[in-house]
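J.: Residue 62 in my numbering sits at position 75 of the sequence shown, with consecutive numbering throughout. All C-beta atoms in this analysis are idealised placements derived from N, C-alpha and C, irrespective of residue type, glycine included. Okay, here's the structure, questions in a sec.
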Amino acid sequence: MSATKTTMAPDREKEAKEAFEDIISVFCSIDDESEMKALFDDLFTSSEVKDMINRWLLMTDLYKGKPQREIAEERKLSLCKITRGSKMLKKEDGFMHRLLSSRYDDHIHI
């Protein structure tokens, strides 16, 4: 799982880690867009999907150089959430930085 610490009992922590690895495996096995959409419909609430979409839009806005306060106002997001995204993009070897760099021809580097 991610680098965040958990306060679960060891057996629950192991179960959570195995479930996370299973979820990643399932996501990686799906190469059909309609199947992935169906999985998202079954697995996530509309609010959770909206949160993912907002996170994605936030990251692309930051990558393209939009000011944080402008993003906060336009997307109705907290500056704390935006700052976290900005910190992720500053890691040039970070996944989101590499992903967005490969998706956009302008190759803006924060």
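If the criterion is Cβ atoms closer than 8 Å, does the pair MET39 and GLY72 meet it?
T.: no
J.: Given this structure, state the Cα-to-Cα distance separating ASP80 from SER16, to the nearest angstrom.
T.: 25 Å
J.: Which same chain residues end up closer than 8 Å to LEU58 when comparing Cβ atoms and leaving out the 5 residues on each side of it in sequence?
T.: Correcting the residue type first, residue 58 is Ile in the shown sequence and not Leu. Once the five neighbours on either side are set aside, the close Cβ partners of ILE58 are LEU45, ASP48, LEU49, LEU64 and ILE69.
J.: Using the beta-carbon count (16 or more within 10 Å), is LEU30 buried or exposed?
T.: It counts as exposed.
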